[in-house]
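Residue numbers (this note's numbering): 845 to 1132.
Even for Gly, the Cβ is constructed at its ideal location relative to N, Cα and C.
Bear in mind that the values here come from a model prediction, so they are computed numbers and not experimental data.
Worksheet: one structure, shown below.
Right, here's the structure in full:
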């Protein structure tokens, strides 16, 4: 890692070796075709749900996450994520000097919108805090698996100093992501309970990026600051990662209690929805 001099000190940047890493064009093709195909399938499923519920919320969830994917460069800068390019990247857009691959948008949809679409209705109908946190554990695992495969398939890297690395992936990130993924599903359940008009449901386009920053920056800030100091201390980063995980859990607890309060109000008003038929994913959650 090299460091660019600024007026307030040194800024961690990718090293020349990182810039020289080759992008796997085979994996780029697989990721592009697979993730865009999955996104189309999820959108069709969301349309089916919306017809059943006579509500556009499921469709809005998918579209909101797709639109919100343009927040990725902010994540890249703070978390030291570098998309491999070497002149062969299929680029969707560039911001902050960081080219974003064409598959970043569908990756967001699959990783962040899919759990919300699968879970928000059952969460709205009634869920325990324990079940919410069990789903957070599931999404921590799936996020770590997805990113570990991507990092080790020459699609992108996390450069510089970072705590809790396993197979080149900083595992602490999966806890930030699982809190925001599960928290987003919880907030979508809140929207389902309180929105009385389709126009009200458009708030999900703000809720997704706001919740994303709430956990991945709000909870993660102690670790991110430790990582971006002129001379990062590994013991300090490890300690701050523990703090960040605690803050992420607290954030998810707070979001969950917002849902519980909304459900109590819905019961008083007689507007609590019936639980939908359980999907395979929800049956897995019940077993957990």
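Rounding to the nearest angstrom, what Cα-Cα distance links residue 880 and residue 1045 in this structure? If you take the alpha carbons of residue 880 and residue 1045, they lie about 25 Å apart.
Which listed residue (929, 970, 995, 1007) has its alpha carbon closest to that of residue 1037: 970
With distances taken between CB atoms, is the gap from residue 1008 to residue 1083 smaller than 8 Å? no
Look at the alpha carbon of residue 1116 and the alpha carbon of residue 892, and state the distance between them as a whole number of angstroms. If I take the Cα positions, the gap works out to 22 Å.
I'd like to know if the region 1051-1068 and the region 903-912 are in contact, where contact means that at least 3 CB-CB pairs between them fall below 8 Å. yes
Do you know offhand how far residue 845's Cα is from residue 1006's? Residue confidence for residue 845 is low, a pLDDT of 44 falling below 50, so the modelled location carries little weight; the figure read from the coordinates is stated next. Answer to the nearest angstrom: the Cα atoms are 12 Å apart.
Compare the Cα-Cα distances from residue 1013 to each of 1025, 1028, 994 and report the closest residue. 994
Determine contact between the region 1020-1033 and the region 932-941, defined as no fewer than three beta-carbon pairs at a distance below 8 Å. Fewer than three beta-carbon pairs drawn from the region 1020-1033 and the region 932-941 are found closer than 8 Å, and the two stretches are therefore not classed as touching.
Cβ neighbours of residue 939 in the same chain (closer than 7 Å, five flanking residues each side left out): 917, listed in sequence order.
Can you pull the DSSP bridge partners for residue 939? Beta-bridge analysis with DSSP links residue 939 to 942.
Near residue 1091, what residues of its chain come up, given a Cβ to Cβ distance below 6 Å and the 5 sequence neighbours on each side ignored? 1063
Which two residues bound the contiguous beta strand (DSSP E) that contains residue 1015? Here residue 1015 belongs to no beta strand (DSSP E), and DSSP marks it neither H nor E.
For residue 920, is the classification buried or exposed, using 16 other Cβ atoms within 10 angstroms of its Cβ as the cut-off for buried? It is buried - the Cβ of residue 920 has at least 16 other Cβ atoms within 10 Å.
One question on the structure: do residue 987 and residue 1034 come within less than 8 Å of each other, judged by their Cβ atoms? Between residue 987 and residue 1034, the C-beta gap is not smaller than 8 Å, which leaves the two residues out of contact.
Could you tell me the distance, in whole angstroms, from the CA atom of residue 1130 to the CA atom of residue 975? Residue placement at residue 1130 is poorly supported in this model, since its pLDDT is 47, which falls under 50; the coordinates still yield a value, given next. Each residue's Cα considered, the two are about 8 Å apart.
Between the Cα of residue 959 and the Cα atoms of 1029, 1101, 949, 1041, which residue gives the shortest distance? 1029
May I have the straight-line CA-CA distance separating residue 1076 from residue 1000, to the nearest angstrom? 22 Å
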